[in-house]
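Visitor:
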Amino acid sequence: MTNLTPASREQKIQRGLKKRHRAERRFRIYGASAIIFGLMCVFLLFADIISKGHKAFLLTYINLEVVYDQDALGVDDPADAIQMSSGDFHGVVKAGLRNRFLDVNGRKNKRELYSIISNGAGYELRDSLKDKPALLNKTIKVWLIADDDIDTYYKSLGDKTGPFKGRMTDNKEVWLQELMRSGDVETRFNFSFFSQGDSREPELAGIRGAAMGSFYTLVITIFLAFPLGVAAAVYLEEFAPRNRWTDLIEVNINNLAAVPSIIFGLLGLAVFINFFHVPRSVPLVGGLVLTLMTLPTIIISSRAAIKSVPPSIREAAIGVGASPMQVVLHHVLPLAMPGMLTGAIIGMARALGETAPLLMIGMVAFIVDIPNGFTDPATALPVQIFLWADSPERAFVEKTSAAIMVLLAFLVVMNTFAVVLRKRLERRWS
Amino acid sequence: MNRIETHASGPSGQLSEKPPGIEVDYPEETVGTPLVSNPKMSVRNVDVSYSGKQAIHNVTLDIGKHEVIAMIGPSGCGKSTFLRCLNRMNDTIEGCGVSGLITLDGEDIYAADMDPVALRAKVGIVFQKPNPFPKSIYDNVAYGPRLHGLASSRAEIDEIVEVSLTRAGLWNEVKDRLEQPGTGFSGGQQQRLCIARAIAISPDVILMDEPCSALDPIASAKIEELIAELSQNYTIAIVTHSMQQAARVSNRTAYFHLGRLVEVNDTEKIFTAPTHQLTEAYITGRIG
Chain F
24 MTNLTPASRE QKIQRGLKKR HRAERRFRIY GASAIIFGLM CVFLLFADII SKGHKAFLLT
84 YINLEVVYDQ DALGVDDPAD AIQMSSGDFH GVVKAGLRNR FLDVNGRKNK RELYSIISNG
144 AGYELRDSLK DKPALLNKTI KVWLIADDDI DTYYKSLGDK TGPFKGRMTD NKEVWLQELM
204 RSGDVETRFN FSFFSQGDSR EPELAGIRGA AMGSFYTLVI TIFLAFPLGV AAAVYLEEFA
264 PRNRWTDLIE VNINNLAAVP SIIFGLLGLA VFINFFHVPR SVPLVGGLVL TLMTLPTIII
324 SSRAAIKSVP PSIREAAIGV GASPMQVVLH HVLPLAMPGM LTGAIIGMAR ALGETAPLLM
384 IGMVAFIVDI PNGFTDPATA LPVQIFLWAD SPERAFVEKT SAAIMVLLAF LVVMNTFAVV
444 LRKRLERRWS
Chain H
1164 MNRIETHASG PSGQLSEKPP GIEVDYPEET VGTPLVSNPK MSVRNVDVSY SGKQAIHNVT
1224 LDIGKHEVIA MIGPSGCGKS TFLRCLNRMN DTIEGCGVSG LITLDGEDIY AADMDPVALR
1284 AKVGIVFQKP NPFPKSIYDN VAYGPRLHGL ASSRAEIDEI VEVSLTRAGL WNEVKDRLEQ
1344 PGTGFSGGQQ QRLCIARAIA ISPDVILMDE PCSALDPIAS AKIEELIAEL SQNYTIAIVT
1404 HSMQQAARVS NRTAYFHLGR LVEVNDTEKI FTAPTHQLTE AYITGRIG
């Protein structure tokens, strides 16, 4: 111990204090700037996605006079399904366009003219005739979906960089200008984006098929992974003896949680599809694969939740004569449930965003129909995003961003649900 | 002051670890009166070890009907371990081995056909730290009777809850808030709730593992009063750190030292005229 006079000790402490205060401030600034950086990244991501994707929720419609001509359609009884399905509704649309622009001549120009209305317009006419058979042989004005080139161009008219031309020709621009002058073009909310399946035509493509695919897949996953994971965690924590075997199992579970997800896809392909002959591309097999993938996460978080239940509660229950199973069912599980649910929802959120394993089991196919069950071919939201991002049409750019928004909305809803559930359970038990 | 440090922390139980300064031989046999006539529980030559480490050596002791027996001794002397053998709470600890004979009403409680669940319905336990379930007061007390099917109707359970809470001296304090969580009360109230929970299944024996060590003196005094009342109906074995408490509540006192039962005698005798030198050293504060 050196001899310090009170004055010099005071001086030394003061000098050190200043340094410490500076270090303290720096330390806080590091933390705050890390948070600001993170928030900025999130903000940029959202701004980018929303600015690109918001237009996908609008769709351009063109008002056109069409004649439900019995002869042109080849339909004399709208109740006859066969006639209706072979009826030339597209011809009616083409005739309507020819009547609107009487000065267009020549095959090439006419083909160009026909392409301003979507291929899907004919089906729309068919559906409205089916609903109202009285329309047969009537002439009415209807709003028809514009082609994606028109749609993209029209929606980008107000952009600072000028409208996106892409495959727009001069002729199409002229026709569109004319339709706009007479008030026959408008954008409406794109309901079909939420009600339709995938399509090669961007203006007809919807997210519903993928959303339902994700839904069915996650239902399988949660109903398999949660009970299995909780049962495994309870057994390992409460009943299994501690020995070399349980150590080995524990190490393996921890390792499984870190295995790249595509490996699980390969496993699913080899085991479920090739060995058990589960059909390809269906939510059932997707759910099974994602179950394998999320199981380790759920087991680990459930074990942590079980471990956090105070041992005094277990002792109390044993002390009044509860059997080991009653201790678990009456006390440990209810107290651990909020933690387990949090783990399960985190696992589900990861499963919802998972693409790679689904690619391996064929859930990457182009599927138009909306799946109606666990064994209908389907894709999932992240796969749909991947597919649309891969498509050449310009209009799919906004669809991709819109699909990301839907996926994020799914995640937010799931997480909110988890938080609410946890809060309610916590209130009940404490 | 003539205070002597011992190495009595942890269930090492090595015989060579005599407290320095006290020249005694470890007794091969417990001195005093470990045996009584017509005992409720009897313990014969019991050894307990944790993963091979012996914590209790050759303990023989009787617990008489409706008596309060206190177990005292320095930390780590094995008194809590011994208490937990009496209703097989040690079963839940891995690597814990019990040998010897422990009987309740003449029945071997470690026999292969003895169900620990049934045993614990007869031998209740109150722990060191109050540990009510995170449920309502009512459910805390009603849990045991429901578990063992002691009551068939809601009215019967209501009665059990009221009687148990009354016996635990808590009824007047909580009768209007039976639906409130038991975890929201003071430590002393929680401990009395735990006692109510233990007596709700009408056990024959109540084990208490330092029930007052987490409580303030006033709450402790209430628990002690309660023990005196309960002893009319129950056999009570209490582990305590406080010699004064042992002197106040118990009929007989057992002194443990390094896993051995050194002396058992009437409480009055042990605190006024201890037979064994170790007991004397402990109660006069020279070891502990």
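Sequences listed follow chains F and H, in order.
Numbering-wise (the working numbering), the first sequence opens with residue 24 and increments by one.
Numbering-wise (the working numbering), the second sequence opens with residue 1164 and increments by one.
Idealized CB from N, CA, C, for every residue including glycine.
Note that this is a predicted model, so its numbers are computed, not measured.
Let me know if F/Thr240 comes out buried or exposed under the rule of 16 or more other beta-carbons within 10 Å of its beta-carbon.
Guide: Buried, since its Cβ has 16 or more Cβ neighbours within 10 Å.
Visitor: If you draw a straight line from the alpha carbon of F/Gln106 to that of F/Tyr146, how long is it in whole angstroms?
Guide: Their Cα atoms are separated by approximately 13 Å.
Visitor: At a CB-CB cut-off below 8 Å, which residues of chain H make contact with F/Gln349?
Guide: Leu1310, listed in chain order.
Visitor: Can you tell me the Cα-Cα spacing of F/Ile72 and F/Leu430, whole angstroms?
Guide: Cα to Cα, F/Ile72 sits roughly 12 Å from F/Leu430.
Visitor: How about the region 116–130 of chain F and the region 173–189 of chain F: do they share at least three Cβ pairs that are nearer than 8 Å?
Guide: Segments in contact, no.
Visitor: If we cut at 9 Å on Cβ distances, does H/Met1277 have a partner in chain F?
Guide: Taking Cβ atoms only, chain F never reaches closer than 9 Å to H/Met1277, which makes this a no.
Visitor: For H/Arg1251, is the classification buried or exposed, using 16 other Cβ atoms within 10 angstroms of its Cβ as the cut-off for buried?
Guide: Buried.
Visitor: Report the option in F/Ser335, F/Asp399 and F/Ile286 whose CA atom is closest to the CA atom of F/Val301.
Guide: With distances taken between Cα atoms, F/Val301 lies closest to F/Asp399.
Visitor: Throw me the rounded Cβ distance for the F/Leu313 and F/Thr244 pair, which I believe falls under 8 Å.
Guide: Yes, they are in contact, since the Cβ atoms of F/Leu313 and F/Thr244 sit about 4 Å apart, within 8 Å.
Visitor: Closer than 9 Å, CB to CB, is F/Ile329 near chain H or not?
Guide: Chain H contact via Cβ: absent.
Visitor: Please tell me whether H/Phe1245 has its Cβ less than 9 Å away from any Cβ of chain F.
Guide: No, H/Phe1245 does not count as interfacial toward chain F.
Visitor: Does the count of Cβ pairs from the region 366–377 of chain F and the region 307–321 of chain F closer than 8 Å reach three?
Guide: They touch, by the three-pair rule.
Visitor: Measuring only between beta-carbons, confirm whether H/Thr1416 sits less than 9 Å from chain F.
Guide: So no, H/Thr1416 is outside the interface.
Visitor: For H/Val1199, which residues in the same chain have their Cβ closer than 6 Å to its Cβ, ignoring the five residues on either side in sequence?
Guide: These residues qualify, in order along the chain: Asp1225 and Gly1227.
Visitor: Evaluate the contact criterion for the region 396–410 of chain F versus the region 223–239 of chain F: three or more CB pairs, one atom per stretch, below 8 Å.
Guide: They touch, by the three-pair rule.
Visitor: With DSSP as the reference, label H/Gly1173 as helix, strand or coil.
Guide: Bear in mind that a pLDDT of 39 at H/Gly1173, under 50, signals an unreliable position, so the model cannot answer this.
Visitor: Could you give the DSSP three-state label for F/Phe212: helix, strand or coil?
Guide: Reduced to three states, the DSSP call for F/Phe212 is strand.
Visitor: Kindly indicate which three-state DSSP category H/Tyr1301 falls into: helix, strand or coil?
Guide: Helix, per DSSP.
Visitor: Mapping the DSSP letters down to three states, classify F/Ala403 as helix, strand or coil.
Guide: Residue state, collapsed to three classes: coil.
Visitor: I'd like to know whether the C-beta atoms of H/Asp1372 and H/Leu1246 end up nearer to each other than 9 Å.
Guide: Going by C-beta atoms, H/Asp1372 is nearer than 9 Å to H/Leu1246.
Visitor: Please determine, among F/Asn160, F/Lys153, F/Phe112 and F/Glu201, the residue with the shortest C-alpha to C-alpha distance to F/Ser141.
Guide: Comparing Cα positions, the closest option is F/Phe112.
Visitor: Going along the chain, which residues of its own chain have a beta-carbon closer than 6 Å to the beta-carbon of H/Leu1389, five neighbours each way excluded?
Guide: Here the set comprises Gly1332.
Visitor: Kindly provide the ranges of any alpha helix (DSSP H) runs that are 4 or more residues long and lie completely inside the region 1188–1275 of chain H, ordered along the chain.
Guide: Complete alpha helix (DSSP H) runs here, min 4: 1242–1248.
Visitor: How long is the line joining the alpha carbons of H/Trp1334 and H/Val1324, rounded to whole angstroms?
Guide: About 9 Å.
Visitor: Counting only beta-carbon separations shorter than 9 Å, does H/Lys1292 have a partner in chain F?
Guide: By this cut-off, H/Lys1292 is an interface position.
Visitor: Considering H/Ile1399, what are the terminal residues of the beta strand (DSSP E) in which it resides?
Guide: Run containing H/Ile1399: Thr1398 to Val1402, per the beta strand (DSSP E) assignment.
Visitor: Taking H/Gly1350 as the query, report the chain F residues whose CB atoms sit under 7 Å from its CB, ordered along the chain.
Guide: Those within 7 Å of H/Gly1350 in chain F number zero; the least Cβ separation is about 13 Å.
Visitor: List, in chain order, every chain F residue whose beta-carbon is nearer than 8 Å to that of H/Arg1330.
Guide: Simply none; closest approach about 16 Å.
Visitor: May I ask you to list the residues that DSSP assigns as paired with F/Lys164?
Guide: According to DSSP, which records beta bridges pairwise, F/Lys164 is partnered with F/Glu88.
Visitor: For a cutoff of 9 Å on Cβ pairs, would you count F/Leu448 as touching chain H?
Guide: No - not a single Cβ of chain H is within 9 Å of the one on F/Leu448.
Visitor: I'd like to know if F/Glu338 contacts chain H, where contact means its C-beta is closer than 9 Å to some C-beta of that chain.
Guide: By this cut-off, F/Glu338 is an interface position.
Visitor: Quick one: give me the first and last residue of the beta strand (DSSP E) that F/Leu290 is part of.
Guide: Not the beta strand (DSSP E): F/Leu290 falls in the alpha helix (DSSP H), residues Ser284 to Gly291.
Visitor: In angstroms, rounded to a whole number, what distance separates the CA positions of H/Ala1410 and H/Ile1399?
Guide: Their Cα atoms are separated by approximately 14 Å.
Visitor: List the endpoints of the continuous alpha helix (DSSP H) containing F/Asn132.
Guide: Taken as a continuous stretch (DSSP letters only), the alpha helix (DSSP H) holding F/Asn132 covers Arg130 to Tyr137.
Visitor: Specify the secondary structure class of H/Leu1424 as computed by DSSP and reduced to three states.
Guide: Reduced to three states, the DSSP call for H/Leu1424 is strand.
Visitor: Please list the terminal residues of the continuous alpha helix (DSSP H) segment that includes F/Met63.
Guide: Unbroken alpha helix (DSSP H) run through F/Met63: Pro29 to Gly76.
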